[in-house]
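A.B. asks: For the sequence shown, our numbering gives the first residue as 899, with consecutive numbering after it.
In this text, a Cβ means the ideal position worked out from N, Cα and C, and glycines have one as well.
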Amino acid sequence: MSAVNASRDRSVQNMFDRIAGRYDLLNRVISFRLDTRWRRQAIRAALTGARPRILDIGTGTGDLVLNAAATAKGNGHFVGLDFSLQMLNLAQAKRARTRYAASTAFVMGSAMFAPFKNSIFDGAITSFVLRNVSDLPLFFAESFRVLKPGGKFVSLDMFPPAASWFAELYSIYFYCLVPSIGGWLSHDRKAYQYLSDSVRQFHPPEKVAQLIREAGFEHVAVRKFLSGAVCMHVANKPSGPAR
899 MSAVNASRDR
909 SVQNMFDRIA
919 GRYDLLNRVI
929 SFRLDTRWRR
939 QAIRAALTGA
949 RPRILDIGTG
959 TGDLVLNAAA
969 TAKGNGHFVG
979 LDFSLQMLNL
989 AQAKRARTRY
999 AASTAFVMGS
1009 AMFAPFKNSI
1019 FDGAITSFVL
1029 RNVSDLPLFF
1039 AESFRVLKPG
1049 GKFVSLDMFP
1059 PAASWFAELY
1069 SIYFYCLVPS
1079 IGGWLSHDRK
1089 AYQYLSDSVR
1099 QFHPPEKVAQ
1109 LIREAGFEHV
1119 AVRKFLSGAV
1129 CMHVANKPSG
1139 PAR
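1. Helix, strand or coil for ALA1134, going by three-state DSSP, please let me know.
2. For ARG997, count neighbouring C-beta atoms within 10 Å of its own C-beta (all shown protein chains included) and say buried if the count is 16 or more, exposed if not.
3. Excluding five sequence neighbours on each side, which residues of the same chain lie with their C-beta closer than 6 Å to the C-beta of MET913?
4. Going by DSSP, name the residue or residues bridged to SER1025.
5. Helix or strand or just coil, what does DSSP make of PHE1123?
6. Rounded C-beta distance between PHE1019 and LYS1046? I'm assuming under 8 Å.
7. Taking the alpha carbon of VAL1052 as the point to measure from, which residue in ALA1009, GLY947, GLY958, GLN939 has its own alpha carbon closest?
8. With DSSP collapsed to three states, give me the class of ILE955.
9. Let me know if MET899 comes out buried or exposed under the rule of 16 or more other beta-carbons within 10 Å of its beta-carbon.
10. Should the stretch 942–955 be called in touch with the stretch 966–978, which here means at least 3 C-beta pairs below 8 Å?
11. Does the count of Cβ pairs from the stretch 1021–1037 and the stretch 999–1012 closer than 8 Å reach three?
12. For the putative contact between PHE1115 and ALA1133, defined by C-beta atoms under 8 Å, what is the C-beta separation to the nearest angstrom?
13. According to DSSP, is ALA1003 helix, strand or coil?
14. From the DSSP secondary-structure annotation, give me the bridge partner or partners of VAL1128.
15. So, helix, strand or coil for PRO1047, using DSSP?
16. What did DSSP end up calling ASP1033 once you bin it into helix, strand or coil?
17. Are there three or more Cβ pairs, one per stretch, closer than 8 Å when the stretch 969–988 is compared with the stretch 915–931?
18. Nearest to PHE930 by CA position, among ALA1119, PHE1072, VAL1031, is which residue?
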């Protein structure tokens, strides 16, 4: 039985619609611009073959899709999926200004009921999305479904860091200061309190790796940044008959 929580999903969708206009700025400010570096690493991990078809799940304002297309010099097809209309409007505006617009597309829809056929993407990337998903097993199952056999899945997300001196500083910054900074810049403190709370309450990275394996993926690896405050999970759909 699906654990999709439609009411929670609508609330998260409305929140992202509200903060869309300041989303990019706040990502840069809160992460000290490190988010752009982590996304580049996710792109490099996912790009395979000469003309890959890549899906960005929860694309937001489209940065990852557009950067992936630029990294591949337009060789391939790069699709961003998101359920926030306001985010996608910003993504489309960015797309119109890029030289690789013809190799990119944005689609509105749910990551848990992805509007794509089976086994059509070489890679699937998701960045800072998992904490917003009400049914992670279904999310990973859909990611698995749309990938070709041998396709690569890459996820970036935030987690409570491992116990250390850094974890103490991180807790002060992320759980106390970030809601205030986000609220001041976006005029929506509730959204950035949600961000802090979602990280505090999220699964540990090892549990996420287990859920990825249970969806059918293999060779699941975890790379940790900032003492585990950000983790990149990389996995492969097994080669063989399409599923």
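C.D. replies: On the basis of the coordinates in this document:
1. Taking the first residue of the sequence shown as position 1, residue 1134 is located at position 236. In the sequence as displayed, the identity of residue 1134 is Asn instead of Ala. Note: ASN1134 maps to strand in three-state DSSP.
2. On the sequence shown, position 99 is the one that residue 997 refers to. Its Cβ having fewer than 16 others within 10 Å, ARG997 is exposed.
3. The residue you call residue 913 lines up with position 15 of the sequence shown. Excluding residues within five positions, the ones whose Cβ falls inside 6 Å are ALA1089.
4. Taking the first residue of the sequence shown as 1, we reach residue 1025 at position 127. Bridge partners of SER1025: LEU1054.
5. In the sequence shown, counting from the first residue as 1, residue 1123 sits at position 225. PHE1123 falls in the strand class under three-state DSSP.
6. Indexing the sequence shown from 1 puts residue 1019 at position 121. Indexing the sequence shown from 1 puts residue 1046 at position 148. Their Cβ separation, rounded to whole angstroms, is 7 Å, which keeps PHE1019 and LYS1046 in contact under 8 Å.
7. For the purposes of this step, residue 1052 is taken as residue 154 along the sequence shown, with counting starting at 1. Here the closest residue by C-alpha is GLN939.
8. The residue given as residue 955 occupies position 57 in the sequence shown. If DSSP states are grouped into helix, strand and coil, ILE955 belongs with the strands.
9. Locating residue 899 in the sequence shown gives position 1, counting from the first residue. Low confidence applies here, because MET899 scores a pLDDT of 44, under 50, leaving its location unreliable; read the following figure in that light. It is exposed - the Cβ of MET899 has fewer than 16 other Cβ atoms within 10 Å.
10. yes
11. yes
12. By 1-based counting over the sequence shown, the position of residue 1115 is 217. By 1-based counting over the sequence shown, the position of residue 1133 is 235. Between ALA1133 and PHE1115 the Cβ distance is about 4 Å, and since that is below 8 Å, they are a contact.
13. Position 105 of the sequence shown holds residue 1003. In the structure shown, ALA1003 sits in a strand (DSSP, three-state: E or B).
14. Here residue 1128 refers to the residue found at position 230 when the sequence shown is read from its first residue. DSSP output for VAL1128 lists MET1056, PHE1123 as bridge partner(s).
15. Taking the first residue of the sequence shown as 1, we reach residue 1047 at position 149. Of the three classes helix, strand and coil, the one that applies to PRO1047 here is strand, per DSSP.
16. Taking the sequence shown and counting its residues from 1, one reaches residue 1033 at position 135. Coil at ASP1033, not helix or strand.
17. yes
18. For the purposes of this step, residue 930 is taken as the residue at position 32 of the sequence shown. Comparing Cα positions, the closest option is PHE1072.
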